[in-house]
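Residues 22 to 338, numbered by this note's numbering, are exactly what the sequence shown covers, in order.
Built from N, CA and C at the ideal position, the CB exists for glycine as well.
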Amino acid sequence: MIEGFRLKGISDAPELQVLIFLLVLLIYLLDVGVNLTMLLLVCLDVHLHTPMYFFLSNLAIIDISSSTTALHRIFIMIATQNHTVSKLACMTQLCFFCMLTSCEFSILAAMSYDRYVAICRPLHYHTIMSRRLCGLLASVTWIFGCLELFPTALFTSRFTCYISNEIDHYFCDVLPIRDITCSDTSNLDFYILIVANLNMTISLFLTVTPYVFIIASILRISSSAGRSKAFYTCSSHIMVVVMFYFSIVFQYILTVSGINMGSNKMFSLLNTAVIPMLNPIIYSLKNKDVKSALRRKQMKLNSLIKFILLGNKLLQF
């Protein structure tokens, strides 16, 4: 019975530790910065109080939480040279990461439905996407995510025998922990194979199906300008969905098929660091509403700064 684990980290090479620390820290700060900016912008600008940005705010919260959950151990390991983590802390990190991943599946499906209503039923958009429905979809997202905590915690807490206490990863993830246990993993393997994959498949189906109708509706638009505008409306979400599912497939599905752990770490970094940073950037760079909101807030901030400077001059006088 072991009391804790030793995380191997991204690399064993001592000469790379400072570089890894700085690169991951930079990506993490950008991740938190751009997502917090998006959150504050949605909260402060009434023009962004729409279903699309409500779901985008939920996605930003999930991305910040997921990155913090997965990456914080890297900073601790490199800064303190302490790679050990208690079993309780390890299992807590594992469960919360699984929960947040499940939440992202659901919120992307909700955002897909929102785009379907906006493009295919624009005249009824505000009636269908009411505050009540948006709140319900967001609640279901977080409830489904929380439900993911229990089976993951149940199966991994039953592992009592380990061939090693070293986890070949930079955070406590389910597959690296499964690889070092000598306990019976049949229940966990069954859960991953059936329930987790089924959850991902259903979420992918619910995310992709609306786009089948969206594309069919767009192709029926007679003018090329109208088709371009419609594609522009949903292209950001499509990019986010493709990146997220691409990283999940390579991180988990292909890992089970025999891909090496070094590659798994790279796909994990893509999923836990790079994609959360890119999500709000993709939406903000391609969205005129966000650009306009940024300009409005910048103008207000500049006016506030000028007012403060003027007050300071008057006080000095």
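Let me confirm a value: residue i is counted as buried when at least 16 other C-beta atoms fall within 10 Å, else exposed. Which label applies?
i: GLY166; result: buried
i: GLY25; result: exposed
i: ARG136; result: buried
i: ILE85; result: buried
i: THR101; result: exposed
i: LEU209; result: buried
i: LEU175; result: exposed
i: PRO231; result: buried
i: ILE99; result: buried
i: LYS286; result: buried
i: VAL262; result: buried
i: ILE329; result: Low confidence applies to ILE329: its pLDDT is 39, below 50, so where it sits in the model is not reliable, and the reading given next is rough at best. By the neighbour-count rule (16 or more Cβ atoms within 10 Å), ILE329 is not buried but exposed.
i: PRO301; result: buried
i: LEU219; result: exposed
i: SER244; result: exposed
i: VAL343; result: With the chain represented from 22 up to 338, any question about residue 343 goes unanswered, as that position is not in the structure.
i: SER185; result: exposed
i: ALA246; result: exposed
Below 8 Å on the Cβ atoms is my contact criterion, and I expect residue i with residue j to pass it. Report the Cβ-Cβ distance as a whole number of Å.
i: TYR266; j: ILE23; result: So it is not a contact: roughly 35 Å between Cβ atoms.
i: SER257; j: ILE303; result: 5 Å
i: ILE83; j: ILE128; result: 6 Å
i: ILE15; j: ASN103; result: An answer regarding residue 15 cannot be provided, because it is not within the stretch 22 to 338 covered by the chain.
i: CYS141; j: PHE234; result: 6 Å
i: ALA130; j: THR228; result: 5 Å
i: LEU65; j: MET298; result: Not a contact, Cβ separation roughly 22 Å.
Residues in the same chain with beta-carbon distance under 6 Å from residue i, minus the five sequence neighbours each way, listed in chain order, please.
i: ARG241; result: none
i: THR206; result: ARG199
i: LEU69; result: VAL63, ALA314
i: ILE41; result: ILE31
i: MET260; result: ILE303
i: LEU335; result: With a pLDDT of only 46 at LEU335, under 50, the local geometry of the prediction cannot be trusted, and no value is derived from it.
i: THR202; result: PHE180, TYR183
i: CYS193; result: CYS111, GLN114, LEU115
i: PRO143; result: none
i: ILE60; result: Looking at the sequence itself, residue 60 is Leu, so the reference to Ile does not match. Cβ within range, chain order: SER78, ALA81.
i: LEU158; result: ALA131
i: ARG317; result: none
i: LYS312; result: none
i: ASP33; result: none
i: ALA305; result: Note on residue identity: the sequence assigns Ser, not Ala, to residue 305. The residues are VAL311.
Would you list the one or two residues that DSSP bridges to residue i?
i: SER188; result: First, the amino acid is wrong: residue 188 is Ile here, not Ser. For ILE188, which the question treats as bridged, DSSP gives the partners LEU28.
i: VAL45; result: In DSSP, VAL45 forms no bridge with anything.
i: SER348; result: Residue 348 falls outside the range modelled here, since the chain spans only 22 to 338, and no answer is possible.
i: VAL262; result: Bridge partners of VAL262: none, in fact.
i: THR105; result: ARG27
i: TYR183; result: THR202
Quick one: what's got a C-beta closer than 7 Å to residue i's C-beta in the same chain, skipping five residues either side?
i: TYR49; result: SER88, LEU92, ALA294
i: PRO72; result: ASP135, MET150, CYS155
i: TYR74; result: VAL63
i: LEU161; result: The amino acid occupying residue 161 in the given sequence is Val; Leu does not appear at that position. Counting only Cβ-Cβ distances below 7 Å, and skipping sequence neighbours, we find SER127.
i: TYR90; result: In the sequence on display, residue 90 carries Thr and not Tyr. GLN114, PHE117, PHE118, LEU121, listed in sequence order.
i: SER178; result: MET112
i: SER204; result: ARG179, PHE180, THR181, CYS182
i: ASN290; result: Sequence inspection shows Leu at residue 290; the Asn mentioned does not correspond to that position. Once the five neighbours on either side are set aside, LEU290 has no close Cβ partner at all.
i: GLN38; result: ILE99
Going by beta carbon distance, what residues of the same chain come within less than 8 Å of residue i, once the five residues before and after it are set aside?
i: CYS119; result: GLU169, LEU170, THR173, VAL195
i: LYS29; result: HIS104, GLU187, ILE188, ASP189, HIS190, TYR191
i: ARG248; result: ILE239, LEU240, ILE242
i: GLY279; result: Low confidence applies here, because GLY279 scores a pLDDT of 49, under 50, leaving its location unreliable; read the following figure in that light. Cβ within range, chain order: n/a, list empty.
i: SER224; result: PHE126, SER127, LEU129, ALA130
i: ASN308; result: SER257
i: PRO35; result: none
For residue i, decide whether its Cβ has a neighbour in chain D, counting only Cβ atoms nearer than 7 Å.
i: TYR253; result: Here chain D cannot be found, since the structure has a single protein chain.
Subject >> Segment contact flag, the stretch 111 to 123 with the stretch 192 to 200, C-beta cutoff 8 Å, min 3 pairs >> reply: yes
Subject >> Cβ contact (3+ pairs, closer than 8 Å) linking the stretch 53 to 67 and the stretch 213 to 222 >> reply: no
Subject >> At least 3 beta-carbon pairs within less than 8 Å: the stretch 68 to 82 vs the stretch 122 to 141 >> reply: yes
Subject >> Cβ contact check for the stretch 40 to 54 and the stretch 291 to 299: 3 or more pairs under 8 Å >> reply: yes
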